[in-house]
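Trainee: Submitted below is the structure of interest, expressed as structure tokens.
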Amino acid sequence: MSRLAPAHDAPAPAPRGRRRRAVVAGSATVALAAGALVAPMLTSTAAAAPDFNYAEALQKSMFFYEAQRSGDLPASNRVSWRGDSGLADGSDVGKDLTGGWYDAGDHVKFGLPMAFTSTMLAWGALESPAGYTKAGQLDEIKDNLRWVNDYFVKAHTAPNELYVQVGNGTDDHKWWGPAEVMTMPRPAYKITAACPGSDAAGETAASLAAASIVFKTDDPTYSAKLLTHAKQLYSFADTYRGKYSDCVTDAASYYKSWSGYQDELVWGAYWLYKATGDASYLAKAEKEYDGLGVENQTTTRSYKWTVAWDDKSYAAYALLAMETGKQKYVDDANRWLDYWTVGVNGAKVNYSPGGQAVLDTWGSLRYAANTSFVALVYSDWITDATRKARYHDFGVRQINYALGDNPRKSSYVVGFGANPPQNPHHRTAHGSWLDSLTNPVKTRHTLYGALVGGPGTANDAYTDDRGDYVANEVATDYNAGFTSALARLVEEYGGTPLASFPTAEAPDGDQFFVEAKLNQPQTGTFTEVKAIIRNQSAFPARSLTSAKLRYWFTLDPDEQASNIKVTTNYTECGTNPPSVVAAGGSLYYAEIDCTGRNIYPGGQSQHRAEIQFRVAGGTTWNAANDPSFAGLASGTADPVKTKAITLYEGGTLIWGTEPGDVVGPDPDTTAPSVPGTPVASSVTGTSATLSWTPSTDTGGSGLAGYEVYRVQGTTATRVATTTTPSYALTGLTPDTAYTYAVAAKDTAGNVSARSTAVTFRTTGVIVDPGPDTTAPTVPTAVTAAGVTATGATLSWTASSDPTNGQDHVSGVAGYDIGRVSGTATTVVGSSTGPTHALTGLTASTAYQYAVRAKDGAGNVSAWSAPVSFTTTNGTTTPPPSSCSVKYTANTWGSGFTGAVRLTNTGTSALSSWTLAFAMPAGQTVTQGWSATWSQTGTAVTAKNAAWNGPLAAGSSIEVGFNGTLTGTHVAPTAFTVNGAACTVG
Numbered sequence: 002m003s004r005l006a007p008a009h010d011a012p013a014p015a016p017r018g019r020r021r022r023a024v025v026a027g028s029a030t031v032a033l034a035a036g037a038l039v040a041p042m043l044t045s046t047a048a049a050a051p052d053f054n055y056a057e058a059l060q061k062s063m064f065f066y067e068a069q070r071s072g073d074l075p076a077s078n079r080v081s082w083r084g085d086s087g088l089a090d091g092s093d094v095g096k097d098l099t100g101g102w103y104d105a106g107d108h109v110k111f112g113l114p115m116a117f118t119s120t121m122l123a124w125g126a127l128e129s130p131a132g133y134t135k136a137g138q139l140d141e142i143k144d145n146l147r148w149v150n151d152y153f154v155k156a157h158t159a160p161n162e163l164y165v166q167v168g169n170g171t172d173d174h175k176w177w178g179p180a181e182v183m184t185m186p187r188p189a190y191k192i193t194a195a196c197p198g199s200d201a202a203g204e205t206a207a208s209l210a211a212a213s214i215v216f217k218t219d220d221p222t223y224s225a226k227l228l229t230h231a232k233q234l235y236s237f238a239d240t241y242r243g244k245y246s247d248c249v250t251d252a253a254s255y256y257k258s259w260s261g262y263q264d265e266l267v268w269g270a271y272w273l274y275k276a277t278g279d280a281s282y283l284a285k286a287e288k289e290y291d292g293l294g295v296e297n298q299t300t301t302r303s304y305k306w307t308v309a310w311d312d313k314s315y316a317a318y319a320l321l322a323m324e325t326g327k328q329k330y331v332d333d334a335n336r337w338l339d340y341w342t343v344g345v346n347g348a349k350v351n352y353s354p355g356g357q358a359v360l361d362t363w364g365s366l367r368y369a370a371n372t373s374f375v376a377l378v379y380s381d382w383i384t385d386a387t388r389k390a391r392y393h394d395f396g397v398r399q400i401n402y403a404l405g406d407n408p409r410k411s412s413y414v415v416g417f418g419a420n421p422p423q424n425p426h427h428r429t430a431h432g433s434w435l436d437s438l439t440n441p442v443k444t445r446h447t448l449y450g451a452l453v454g455g456p457g458t459a460n461d462a463y464t465d466d467r468g469d470y471v472a473n474e475v476a477t478d479y480n481a482g483f484t485s486a487l488a489r490l491v492e493e494y495g496g497t498p499l500a501s502f503p504t505a506e507a508p509d510g511d512q513f514f515v516e517a518k519l520n521q522p523q524t525g526t527f528t529e530v531k532a533i534i535r536n537q538s539a540f541p542a543r544s545l546t547s548a549k550l551r552y553w554f555t556l557d558p559d560e561q562a563s564n565i566k567v568t569t570n571y572t573e574c575g576t577n578p579p580s581v582v583a584a585g586g587s588l589y590y591a592e593i594d595c596t597g598r599n600i601y602p603g604g605q606s607q608h609r610a611e612i613q614f615r616v617a618g619g620t621t622w623n624a625a626n627d628p629s630f631a632g633l634a635s636g637t638a639d640p641v642k643t644k645a646i647t648l649y650e651g652g653t654l655i656w657g658t659e660p661g662d663v664v665g666p667d668p669d670t671t672a673p674s675v676p677g678t679p680v681a682s683s684v685t686g687t688s689a690t691l692s693w694t695p696s697t698d699t700g701g702s703g704l705a706g707y708e709v710y711r712v713q714g715t716t717a718t719r720v721a722t723t724t725t726p727s728y729a730l731t732g733l734t735p736d737t738a739y740t741y742a743v744a745a746k747d748t749a750g751n752v753s754a755r756s757t758a759v760t761f762r763t764t765g766v767i768v769d770p771g772p773d774t775t776a777p778t779v780p781t782a783v784t785a786a787g788v789t790a791t792g793a794t795l796s797w798t799a800s801s802d803p804t805n806g807q808d809h810v811s812g813v814a815g816y817d818i819g820r821v822s823g824t825a826t827t828v829v830g831s832s833t834g835p836t837h838a839l840t841g842l843t844a845s846t847a848y849q850y851a852v853r854a855k856d857g858a859g860n861v862s863a864w865s866a867p868v869s870f871t872t873t874n875g876t877t878t879p880p881p882s883s884c885s886v887k888y889t890a891n892t893w894g895s896g897f898t899g900a901v902r903l904t905n906t907g908t909s910a911l912s913s914w915t916l917a918f919a920m921p922a923g924q925t926v927t928q929g930w931s932a933t934w935s936q937t938g939t940a941v942t943a944k945n946a947a948w949n950g951p952l953a954a955g956s957s958i959e960v961g962f963n964g965t966l967t968g969t970h971v972a973p974t975a976f977t978v979n980g981a982a983c984t985v986g
């Protein structure tokens, strides 16, 4: 059986990729959850000293995921050069969509690859807890999984609503700068029942379900929360089918759902089975498995690609083989892994002379690493000694290649091993303040643990060039299988994490500074200065929104302070008037206030602010004794850095040295006022919102925020910080009294006394309800629609699972579909949602069907009232011009991907369809999906798959293929369906 045990005592079992081609810009082994990893590790070779320190590589990969975080970073943030970012995400739609991971070296949050990454990481955590424990990274993997799944919970804003992207790809990619200072709009995109995305919803369900297993023992309440969202999302994916990139069209240029959603329906159902132990989910996974893609002109499951963000079919082969032991799954898994190792029927993945398995140009190391992880897991299970050794050694070899066992003797992991990459294609790690890919030349931060794309072809060649995004892009999904494979190798071979990792990076120079020069030579009545404020911050990057510049001077004995005037003849700081301030004795300063101007490290103009100002006296003026005058050049000389002109953000000095005898404002030692008594609102069984009257700060440094304390007796424990006078509490226990108080803090570090505390009680009563013995309600309003000669779709009003007041409510788990014949009703299918597609019916035949509901405890409702219908006679070929076709293609080098959207524009349904067209010379179909593809000469045909044959009037289906070409791609010009010509457009 699989090393991933189900969540209950189950009966013993019987003995595609990231194609962004069109885009340019009490024991040593700690169980993570009840039932996880109950079988011993099986390996084809004895443990030995590793070729590399796998524990260090795993430790640094955990760091990489922390570096990718978006949102309000916790106090435990270990990446010293990262700060809060994306804090307004979701505000355009009135939702809190902060958190999650930035996808790659950009700042878009793409939900589909993010969820795939999370699922793969959770799988690795469940497979190799001992590896994480040995590497000292068990807390880190859980922290990373909690961070990203917290975001998915936020993004799941209603049962049939999921936000799947934040940020516009085009707008984001136009700018090259650090995440902390982004200013472009970041729109949020969602899928709904009206415009669904079964792929994104199914993958997110898989992530939440897998993570729920990880947290089941440590935090059962959190685990249950994740599982609830997972169930809802899977039902959404299954009930309302469609590709998310058809709805979120911005995603289509970056993460188009090329393979469709069938793989996510299998993948999501499998992980829900593991999380719940509900056999209906396993049955669902096996049922949907039969709709997975096949190789061209065969009935053989696809095996010439691999598991990646777009296609999880290949992982499903292995998971279902290990779970059930059924030969068809074993054969599919073996065939796929044989293609990656020894070849199948003379075909084999490309290998470089140095031993890298190279599937595709973009992210070649990622594909090999993903395959390696599954190969290692599968090799632990399989009993075939030859294949066990073959797959195990393949996994070790490919991971070692990435770590440095290659002809270059170089690591492909940033900050690890020999000669690692120095210039990953990553905006925040680069740290440019000029919106420039090339300036500065040196990358300012070490993005430890990031796996780069690697060689683009099977030749072991690589150039460490930030501008080469194919070879040097990094991404969360690149590290997914790689990280899980590392944990597996630590479990087998060991390793030692670095004791003092990470250490905070020291700034690489002045982050904020002032440059200045004299605009004209000194005269007897004034000093005129050109000053430039510069923000080159990256440790972390930050914006200056309240900058103030001070020019210090001495009041001459014969001069009156009232005669001193400061004026600006050019300023990029708006209309704030300059002022003259006495600093004690004869010392004064002219203050230029740039409050309201955002000076941030985001471009040539954005990172600087220039001010030309004049400080003038009466009849006499001697600048020689003015502190800020020293060292200023004049004439044609360039402005130079000067610490004698000081710079502040608010009241905090961030550049320069104040004159030694300044007796101006004392350091801020005054705490802010005490906040008002918190008020608890929106109280539920597990959450509440606190709000209070804001504090004021009179000490001069400015209010920084608030500290939230939980009060228990005489003990007050700080549980959170916030910059606003409100805070949302989560993770509370039902029917429990809580007491909270808040304190204010200023930027100088002064903290007020705590406010008067508020006490409230969460709702709900915790009782032991006993077992669920109450059946769900009977489904109602059963209807049949889309009736064809061979099929129909049943739908009904969903059931509820009531309680009799004494028992536990286990929830509706699914439905049985029964065919009614006389007084007998025979179960012929099942569904997790209120709809079911009937197939394999006979033309011109009367049918009756009924539905019954079942809950998680096994209680079954009575059968519904039956629905009757008669299938059509099978004459469904549309007349000429009753179909339309839209063809699109993406090309790269000598290859291309074609997509065909077929619409039935007639008035009658199609029971099956065959698409035909002539492919221009020099173009050949190599692999397709969502249909059975064949090509003879230039004639191409695509016949419907079993699951998408019926096509109702007005409905559309999208199919696609990969192909090779010679020269320039030419689109087909004419298409037919079932022999009838279609309109093209």
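Heads up: take any position in the sequence shown, counting from 1, add 1, and you land on our numbering. We treat Cβ as the ideally placed atom computed from N, Cα and C, and that holds for glycine.
In this structure, how does DSSP classify I142 when only helix, strand and coil are distinguished?
Mentor: Correct three-state label for I142: helix.
Trainee: I need the DSSP call for I767, collapsed to helix, strand or coil.
Mentor: Residue placement at I767 is flagged as unreliable, the pLDDT there being 43, under the threshold of 50; a coordinate-derived value is accordingly withheld.
Trainee: Compare the beta carbon distance of W268 and K217 with 7 Å and say whether it is the shorter of the two.
Mentor: It is not a contact, given that the beta carbons lie outside the stated cut-off.
Trainee: Measure the C-alpha to C-alpha separation of S696 and T724 and round it to an integer number of angstroms.
Mentor: In a straight line, the C-alpha of S696 is about 11 Å away from that of T724.
Trainee: Starting from Y55, trace the alpha helix (DSSP H) both ways and give me its first and last residue.
Mentor: Per DSSP, Y55 belongs to the alpha helix (DSSP H) from 55 to 68.
Trainee: Quick one: grab the DSSP three-state call for Y103.
Mentor: DSSP places Y103 in coil when its eight states are reduced to three.
Trainee: In three-state terms, what does DSSP make of Y494?
Mentor: Correct three-state label for Y494: helix.
Trainee: Indicate whether the contact test is met: 3 or more Cβ pairs, each with one atom in the region 591 to 608 and one in the region 167 to 175, closer than 8 Å.
Mentor: No: the two stretches stay apart, fewer than three of their Cβ pairs being nearer than 8 Å.
Trainee: Quick one: is K531 buried, meaning 16 or more other Cβ sit within 10 Å of its Cβ, or exposed?
Mentor: The residue in question, K531, is buried, as its Cβ has 16 or more Cβ neighbours within 10 Å.
Trainee: Between which residues of its own chain and E506 is the CB-CB distance below 8 Å, once the five residues before and five after are set aside?
Mentor: Hits under 8 Å: S81, W82, H446, T447, F540.
Trainee: Is DSSP giving T969 helix, strand or coil here?
Mentor: Note: T969 maps to coil in three-state DSSP.
Trainee: Between G100 and F111, what straight-line distance do the alpha-carbon atoms span, to the nearest angstrom?
Mentor: Cα to Cα, the separation comes out at about 12 Å.
Trainee: Assign D385 to one of two classes, buried (16 or more other C-beta atoms within 10 Å of its C-beta) or exposed (fewer than that).
Mentor: By the 10 Å Cβ count, D385 comes out exposed.
Trainee: Can you give me the C-alpha to C-alpha distance between G907 and C884, rounded to a whole angstrom?
Mentor: Going from the Cα of G907 to the Cα of C884 covers about 7 Å.
Trainee: With DSSP as the reference, label E659 as helix, strand or coil.
Mentor: In the structure shown, E659 sits in coil (DSSP, three-state: anything other than H, G, I, E or B).
Trainee: Check whether the region 390 to 404 and the region 422 to 438 are in contact - that is, three or more C-beta pairs closer than 8 Å.
Mentor: No, because fewer than three Cβ pairs between the region 390 to 404 and the region 422 to 438 fall closer than 8 Å, the two stretches do not touch.
Trainee: Name the two residues that bound the continuous alpha helix (DSSP H) containing H446.
Mentor: It is not in any alpha helix (DSSP H) - H446 carries neither H nor E in the DSSP assignment.
Trainee: Report the rounded CA-to-CA distance for Y888 versus P973, giving the unit in angstroms.
Mentor: Approximately 8 Å between the Cα atoms of the pair.
Trainee: Mark L654 as exposed unless 16 or more other C-beta atoms lie within 10 angstroms of its C-beta, in which case mark it buried.
Mentor: The residue is exposed, with fewer than 16 neighbouring Cβ atoms inside 10 Å.
Trainee: Which term fits Y571, buried or exposed, when burial requires 16 or more other beta carbons within 10 angstroms of its beta carbon?
Mentor: Burial call: exposed.
Trainee: Suppose you measure from the CA of R4 to the CA of D332; what does that come to, to the nearest Å?
Mentor: Residue confidence is low: R4 scores 37 on pLDDT, short of 50, so the model does not pin down where it sits. No coordinate-derived value is stated.
Trainee: Below 8 Å on the Cβ atoms is my contact criterion, and I expect T647 with A517 to pass it. Report the Cβ-Cβ distance as a whole number of Å.
Mentor: Contact flag wrong, Cβ pair sits at about 11 Å.
Trainee: Answer yes or no: do V182 and A542 have a C-beta to C-beta separation smaller than 7 Å?
Mentor: Yes.
Trainee: D73 by DSSP, collapsed to three states: which one?
Mentor: Coil, per DSSP.
Trainee: Could you tell me which residues DSSP puts in a beta bridge with R609?
Mentor: DSSP lists R535 as partners of R609.
Trainee: Does P879 pass the burial test, meaning 16 or more other C-beta atoms within 10 Å, or should it be called exposed?
Mentor: At P879, the pLDDT of 43 sits below 50, so the modelled position is not reliable; the number obtained from the coordinates is stated separately. Classification for P879: buried.
Trainee: Would you mind stating whether R489 and G132 have Cβ atoms separated by less than 7 Å?
Mentor: It is a contact, given that the beta carbons lie within the stated cut-off.
Trainee: What does the Cβ neighbour count give for Q537, buried or exposed, with the cut at 16 atoms within 10 Å?
Mentor: The residue in question, Q537, is buried, as its Cβ has 16 or more Cβ neighbours within 10 Å.
Trainee: For S281, count the other beta carbons within 10 Å of its own beta carbon; 16 or more makes it buried, fewer makes it exposed. Which is it?
Mentor: Looking at its Cβ environment, which holds 16 or more other Cβ atoms inside 10 Å, S281 is buried.
Trainee: From what residue to what residue does the beta strand (DSSP E) around S869 run?
Mentor: Element bounds for S869: 868 to 871.
Trainee: Is C248 helix, strand or coil by DSSP?
Mentor: C248: helix per DSSP, three-state reduction.
Trainee: For the region 951 to 961 and the region 329 to 343, state whether three or more C-beta atom pairs, one from each stretch, are separated by less than 8 Å.
Mentor: The answer is no - the region 329 to 343 does not touch the region 951 to 961, with fewer than three Cβ pairs under 8 Å.
Trainee: Report the option in T915, A584, P835 whose CA atom is closest to the CA atom of W797.
Mentor: The shortest C-alpha separation from W797 is found at P835.
Trainee: What's the call for S246, buried or exposed, on a 16-neighbour Cβ count within 10 Å?
Mentor: Per the 10 Å Cβ criterion, buried.
Trainee: Across the region 453 to 471 and the region 356 to 372, are there enough close Cβ pairs to call them in contact, namely three or more that are closer than 8 Å?
Mentor: Yes, they touch.
Trainee: Assuming R755 and V743 make a contact with CB atoms under 8 Å, what is their CB distance in whole Å?
Mentor: Confirmed, Cβ separation roughly 7 Å.
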